[in-house]
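Asker:
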Amino acid sequence: MNTVKKVYTRLKDKVKLECMSNVVYKIPCSCNKTSQYVKKRIAQHKFNCKNVNVLKENKTALAAHHFDSGHSFGFDNVEIVDTERVHLKKNISEMIQITLHDSVNYRTDTQNLSTAYNQILDIYKKELQRCQT
Numbered sequence: 103m104n105t106v107k108k109v110y111t112r113l114k115d116k117v118k119l120e121c122m123s124n125v126v127y128k129i130p131c132s133c134n135k136t137s138q139y140v141k142k143r144i145a146q147h148k149f150n151c152k153n154v155n156v157l158k159e160n161k162t163a164l165a166a167h168h169f170d171s172g173h174s175f176g177f178d179n180v181e182i183v184d185t186e187r188v189h190l191k192k193n194i195s196e197m198i199q200i201t202l203h204d205s206v207n208y209r210t211d212t213q214n215l216s217t218a219y220n221q222i223l224d225i226y227k228k229e230l231q232r233c234q235t
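If you use our numbering, the sequence shown corresponds to residues 103 to 235, in order.
1) Whole-angstrom Cβ separation of residue 183 and residue 119, contact assumed at under 8 Å?
2) State the DSSP-derived secondary structure class of residue 139, mapped to helix, strand or coil.
3) Where does residue 179 fall in DSSP's three states?
4) Quickly, what does DSSP pair residue 185 with across the bridge? List them, please.
5) For residue 206, does the count of other Cβ atoms within 10 angstroms reach 16, so buried, or fall short, so exposed?
6) By the 10 Å Cβ neighbour count, where 16 or more other Cβ atoms means buried, how is residue 195 classified, buried or exposed?
7) Tell me whether residue 214 sits in a helix, a strand or coil according to DSSP, three-state version.
8) What does a CB cutoff of less than 6 Å around residue 150 pick up in its chain, not counting 5 residues either side in sequence?
9) Is residue 189 buried or exposed, if buried means 16 or more other CB atoms sit within 10 Å of its CB?
10) Skipping 5 residues on each side, what residues in its chain have a beta carbon closer than 8 Å to that of residue 256?
11) Where does residue 207 sit, in a helix, a strand or coil, going by DSSP?
12) List the whole-angstrom C-beta distance separating residue 201 from residue 220, where the pair is believed to meet the contact cut-off of C-beta under 8 Å.
Set out below in structure tokens:
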């Protein structure tokens with residue numbers, strides 16, 4: 103049986119990663135969210151990690167991790183984890199990703215996540231880790 107989706111081809115080109123907005127994204131060593139275009143946010147992260155900002159008091163978690171540990175980030179390997187236009191849903195998605203994966207984000211980013219969800223996510227995270235070993 104043919105469906106409309108099978109009959110018509112995709113008419114629009116796929117949006118390039120750096121031109122996407124309203125996304126939750128992951129940089130190796132980090133997971134964040136942005137309403138901005140990814141290209142602009144990554145440029146901000148790169149700027150924040152420049153040596154000229156080492157003494158800046160209000161560093162992002164990513165920049166603080168970079169300066170404290172000497173770690174570099176894979177800015178060329180950014181991965182979109184979720185796309186969400188609704189701000190609250192995007193925040194929840196980011197909190198879930200921070201909880202499930204090692205992240206340099208400040209843990210206060212997850213303080214509004216219900217403890218019931220945290221318990222479920224902890225069980226899920228342990229299962230993920232068990233399956234990966």
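Glycine residues also receive a C-beta, built at the ideal position from the N, C-alpha and C atoms. This structure is a prediction, so every number in the text was calculated from the model and none was measured.
Answerer: Reading off the structure:
1) Residue 183 to residue 119, Cβ: 12 Å. No contact.
2) coil
3) helix
4) 125
5) buried
6) buried
7) coil
8) 162 and 165
9) exposed
10) With the chain represented from 103 up to 235, any question about residue 256 goes unanswered, as that position is not in the structure.
11) coil
12) 7 Å
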